[in-house]
Structure formats: C-alpha cells, structure tokens
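For reference, the structure discussed in these notes is given below.
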Amino acid sequence: MIPSKFDYLRVESAAEAIAALTQHGSEAKLLAGGHSLLPLMKLRLANPEVLIDMGHIDDLRYIRDAGHQVAVGALTTLDDLTSAHLLKTAAPLLATAAATVGDPQVRTCGTIGGTLVHGDPAGDLPAVAIAMRADLVIEGPSGSRVVSADDFFLGFLETAVAADELLTEIRFPKMDGVGWSFQKFNRRAQDYAIVGVALVSGGGQCGVGLVNMASRPLRSEAVESAVRGGASYEDASEVAADGTEPSQDLNASADYRRHLARVLVGRALVEAASRKH
Amino acid sequence: MAASLVEVHIRINGSSTTTEVEPRQLLVQHLREDHHLRGTHVGCDTSNCGACTVLLDGKAVKSCTVLAVQADGREVETVESLAAPDGTLNQLQEGFRFEHGLQCGFCTPGMLMACTSLLANNPDPSELEIRQSLEGNLCRCTGYEMIVRSVRWAAEHRAGREGEK
Ligand code: FES
Ligand code: FES
C-alpha cells in the first residue's frame with residue numbers, strides 16, 4: 020500500500036532536524052533508513068503529517084575510535100557495521116549481531132539509530148546495547164545528554180528520546196578480549212528472533228541482553244549476578260527466564276520462550292568462554 | 002493537506018532523470034510508472050520477498066520500502082541494465098539460463114539484482130555465501146537449488162577467468 024499524504028522536509032544536519040521537530044511537534048516523524056517506519060506508514064499504522072528525512076546527513080554516519088569506546092553515528096547503516104574493520108576487534112558482538120538483522124537489502128538501508136529508537140523488544144541491537152552497556156547521546160533543543168542503555172528502553176516501542184529530540188551517537192565500550200556471544204533463534208533466515216541473547220563476559224564483568232523476553236529490550240540481572248558470583252554455566256543459565264515477561268504468539272508460547280532463554284544463555288556462556296583471551 | 006510535489010534527480014541505469022514526484026511515491030512505483038521500467042516486480046509490497054530489489058548506489062535495496070525522494074541525487078540500477086543494448090545477456094543472466102535458475106520468472110529480476118550486488122563484492126562466492134546473500138529473496142518455484150547453481154555458473158564463467166582451472 021501507499022502511505023497517506025505527508026509533507027516532505029529534508030534536513031542536512033542534526034540541528035536542522037531538531038529545529039524541524041520543534042516546529043512541527045508530534046505531527047512530524049524522523050525518517051532514517053525507513054525500514055521500521057515505512058512499513059508502518061504503508062499499513063497506515065503511522066500517518067505523520069510531516070516526514071523529516073535525515074538520509075542526507077552524512078555527518079551522522081561514522082564509526083570512530085574514541086579511546087576506551089567506539090563511537091558510532093546514529094545514521095550508520097547495519098551494513099556499515101558488519102563490514103567495519105574497527106568493530107572486528109573492538110566490538111565484534113555488535114558487528115556479528117548487525118549481520119543477522121533482517122536480510123542484506125534491509126541492512127543496506129537500516130540504521131543503528133533507527134533500530135534503537137524504534138525500541139522493538141524483538142530487535143537485535145537493543146540487546147547488544149544493553150549487554151555492552153552502551154551510552155546513547157541524545158540531542159534536543161536545550162543541548163545534548165547521555166543516557167545509559169538501561170535508561171533508554173522504557174517500554175514497548177518507547178525510548179527516552181522525546182518528541183523534539185534526536186539520537187545522534189551510540190558509544191560502545193571496547194570489548195578488548197572479553198568473551199562474547201550472540202544467539203538468535205528463529206525459523207526462517209530473515210525473521211525476527213523468537214528469542215535472542217547478546218552476552219559479554221570476562222574480566223569480572225558480565226552483560227546479558229535478552230531479545231523478545233518482555234515488552235521492552237531487557238537486561239538479565241539474574242544471569243549477570245549469577246555469573247559474577249561464580250555460578251556454573253548450568254546454574255547461570257537456569258535463571259535466564261527470571262524477571263522476564265515473554266509474550267506468546269504464533270511462533271512460541273511464553274513457556275517455550277522461557278525455555279529458549281535458558282538454552283540460549285547456556286550456549287552463549289559456553290561460546291563466550293571459548294572466545295576469551 | 003495538499004502535499005506538494007518534489008523534484009528528484011536520479012541517475013537510472015546510467016541516464017540522468019528529473020521528475021516531479023509525490024513524496025509518498027515508492028521507488029518501485031517511480032521506476033515502473035514514471036520510467037516504464039517494469040522489470041522490477043512487486044511481489045509482497047511488505048519488504049519480505051525481494052522481487053523489487055534494485056541497486057541504490059551499488060547496493061541492493063527493496064524498492065517497495067524506499068521512497069523515490071530518498072533516491073534523490075543517487076544512482077539506481079534495475080534489471081534492465083544487465084543485458085547489452087542488443088539483448089546479449091550478461092554472465093549472470095547466462096548462468097540463470099544455462100542452469101535453469103527460473104521457472105515462472107517472477108522473482109528473477111530481484112534475484113539477479115541481489116546476486117549482482119553479491120558478485121560485485123565477492124566474484125567467487127561459496128554456496129553458503131550465495132544462500133546468505135539471498136536471504137531476502139523468495140522464490141516459490143525453483144527451491145533455490147538451481148538459483149544457487151546459476152550464480153556459481155556465473156562465477157565460474159566470469160570474464161578473465163577463462164583458462165584458469
Ligand atoms: S515487493 Fe518489495 S520485498 Fe516484496
Ligand atoms: S521462478 Fe517463480 S518465483 Fe522464482
């Protein structure tokens with residue numbers, strides 16, 4: 020289907036985008052890669068009156084070495100993430116997870132900022148941001164602020180980015196030899212994960228992000244504290260469903276999702292240990 | 002609300018074009034309706050099937066999920082760009098012909114463009130790499146086996162490889 024009518028505004032910088040948002044308020048929507056928004060607009064589930072196209076803001080498309088972090092511009096495409104040399108050593112979890120999102124055509128268009136701001140509990144990269152304890156830089160009319168991944172994902176398709184704000188950068192701590200794993204369980208290649216797990220562990224730290232185990236992207240506090248307390252892989256994976264509230268749908272019952280979370284966390288712990296160096 | 006028309010400049014199959022479009026026009030509609038390039042198909046219209054795959058600045062995209070205005074200032078290649086003007090098929094198309102990579106042919110333009118993008122980066126892909134790069138393309142006829150073989154045929158017969166063993 021064709022989206023309903025809207026006015027089209029192209030912006031060339033983050034500042035222009037914020038000015039446009041301030042002017043048009045809740046009638047406006049930002050367009051990045053469009054692979055979450057355009058399908059919703061085609062189904063007429065989203066009907067913005069003004070579409071603000073950020074696709075030409077090249078300044079927000081970068082992957083930079085920033086000391087102990089890697090800074091990624093919000094308009095960096097998923098395809099850029101999978102091929103970036105820096106990420107192969109500094110954040111392999113991010114590159115690997117990005118390579119499983121959708122399919123190649125989707126990754127050409129889809130952006131990291133778009134997928135995070137969409138806040139889909141079934142998204143892969145929100146779980147990575149949680150596991151890696153990423154910081155998210157949000158800019159608005161009164162300047163910029165930095166929010167942790169835990170404070171970013173607030174609810175179903177809801178994030179800390181206000182209507183007149185824009186996510187501009189995501190900062191991932193460098194992984195530097197820490198073990199990691201990304202587990203995604205689905206039935207067909209291009210599908211969303213039925214359940215997924217992003218995990219980093221080693222050097223006394225542990226981060227676990229769960230895909231599709233609640234109405235928002237979720238941290239598994241239970242697994243993290245079990246691992247930090249020296250639990251065996253079996254014992255740590257046993258608690259993977261604690262504190263989760265999985266939904267049920269045609270693909271899986273809530274119970275089956277809990278089962279998958281335990282199995283996938285177990286596999287992730289084993290794989291992460293094999294990668295530690 | 003009367004949304005105004007937007008002028009877009011898109012280089013399509015090597016020719017510069019300038020067209021006024023409604024901002025909500027999809028790239029696939031733009032190609033098929035404004036430029037009469039009907040080789041690009043609409044299978045699902047929901048970014049699943051890949052029949053609408055074209056190259057945007059050399060990379061495969063699903064043109065049912067891109068607005069024409071997003072392609073402004075950029076380069077688009079469609080299935081019509083593959084064969085020579087006299088109709089001579091390129092190596093990839095030859096592979097699909099030789100290995101029977103199509104039956105009804107509906108998915109074929111998208112398959113060809115997705116594979117064009119693959120071969121541009123990886124001229125000699127393994128079977129697994131071919132399958133991975135076709136994750137976004139559905140075929141209801143061939144069972145994929147022959148499509149994969151067609152791409153391998155093209156890789157094996159690519160220009161400059163003759164005589165290699
Ligand atoms: S028509 Fe575009 S993906 Fe099916
Ligand atoms: S040949 Fe018929 S859908 Fe592929």
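As given, the protein sequences belong to chains A and B, one line each in that order.
According to our numbering, the first sequence is numbered sequentially starting from 20.
According to our numbering, the second sequence is numbered sequentially starting from 2.
Beta carbons are placed, not taken as given, at the ideal position from N, Cα and C, and that holds for glycine.
Computed from a predicted structure; not experimentally measured.
- These are the residues, in chain order, with a beta carbon less than 6 angstroms from any non-hydrogen atom of ligand 1: B:Val43, B:Gly44, B:Cys45, B:Asp46, B:Ser48, B:Asn49, B:Cys50, B:Gly51, B:Ala52, B:Cys53, B:Lys63, B:Cys65.
- Leu56 (chain B) is bridged by DSSP to B:Ala61, B:Glu78.
- For the C-beta of Pro67 (chain A), not a single chain B residue is nearer than 9 angstroms; the gap to the nearest is close to 11 angstroms.
- Annotation for Leu103 (chain B) indicates a beta carbon within 8 angstroms of some heavy atom of ligand 2.
- Flagged as an interface residue toward chain A: Gly51 (chain B), by a C-beta distance shorter than 9 angstroms.
- Per DSSP, Glu21 (chain B) is one residue of the beta strand (DSSP E) stretching across 16-22.
- The beta carbons of Met147 (chain B) and Glu100 (chain B) sit about 5 angstroms from each other, so the pair counts as a contact at 8 angstroms.
- Assigned with DSSP and collapsed to three states, Val125 (chain A) falls in helix.
- Residue-level contact by beta carbon fails for Ser82 (chain B) and chain A, as no gap is shorter than 9 angstroms.
- According to DSSP, His10 (chain B) shares a beta bridge with B:Thr19.
- Val197 (chain A) has its alpha-carbon roughly 35 angstroms from the corresponding atom of Val62 (chain B).
- For the pair Leu155 (chain A) and Ala146 (chain A), the CB atoms are not nearer than the 9 angstroms cut-off.
- Contact between Ala69 (chain B) and Leu28 (chain B) holds: CB atoms are separated by about 5 angstroms, below the 8 angstroms threshold.
- Distances from the CA of Glu157 (chain B) to each of B:Pro126, B:Gly59, B:Gly44 were compared; the closest alpha carbon is that of B:Pro126.
- Scanning B:Leu56, B:Thr41, B:Val149 for the CA closest to the CA of Pro110 (chain B) turns up B:Thr41.
- Cys108 (chain B) has its Cβ nearer than 8 angstroms to a heavy atom of ligand 2.
- Using a CB distance cut-off of 9 angstroms, Cys225 (chain A) does not count as an interface residue toward chain B.
- Annotation: the continuous beta strand (DSSP E) that includes Arg190 (chain A) extends over 185-192.
- In this model, Ala117 (chain A) and Ala148 (chain A) are separated by some 11 angstroms (Cα to Cα).
- Nearest CB-CB separation between Pro24 (chain B) and chain A: below the 9 angstroms threshold.
- Within chain A, no residue has its beta carbon less than 8 angstroms from that of Asp35 (chain B); the closest one is some 14 angstroms off.
- DSSP, read as helix, strand or coil, puts Arg276 (chain A) in helix.
- When DSSP states are grouped into helix, strand and coil, Thr89 (chain B) belongs to the coil group.
- Straight through space, the alpha carbons of Gly133 (chain A) and Gly144 (chain B) are spaced by roughly 34 angstroms.
- In the displayed model, Val165 (chain A) falls within a strand according to three-state DSSP.
- Arg141 (chain B) has its Cβ nearer than 8 angstroms to a heavy atom of ligand 2.
- Set against 8 angstroms, the gap from the CB of Met114 (chain B) to the closest heavy atom of ligand 2 is not smaller.
- Contact annotation, Leu40 (chain A) with Ile71 (chain A): C-beta distance approximately 7 angstroms; criterion of less than 8 angstroms satisfied.
- Remark: C-beta atoms of Leu112 (chain A) and Met194 (chain A) approach each other more closely than 9 angstroms.
- A direct Cα-to-Cα measurement between Gly215 (chain A) and Gly142 (chain A) gives close to 9 angstroms.
- Interface residue (Cβ-Cβ distance to chain B less than 9 angstroms): Ala39 (chain A) is not classified as such.
- Pairwise C-beta distances place the stretch 248-260 of chain A in contact with the stretch 281-295 of chain A, as three or more of them are shorter than 8 angstroms.
- A straight line joining the alpha-carbon of Asp46 (chain B) with that of Ala33 (chain A) spans about 31 angstroms.
- In the structure shown, Gln26 (chain B) adopts coil according to DSSP, grouped into three states.
- Chain order gives no chain B residues near Gly262 (chain A), where near means a beta carbon separation below 8 angstroms; the closest approach is about 33 angstroms.
- With fewer than 16 other Cβ atoms from the protein chains shown falling within 10 Å of its own Cβ, Arg164 (chain A) counts as exposed.
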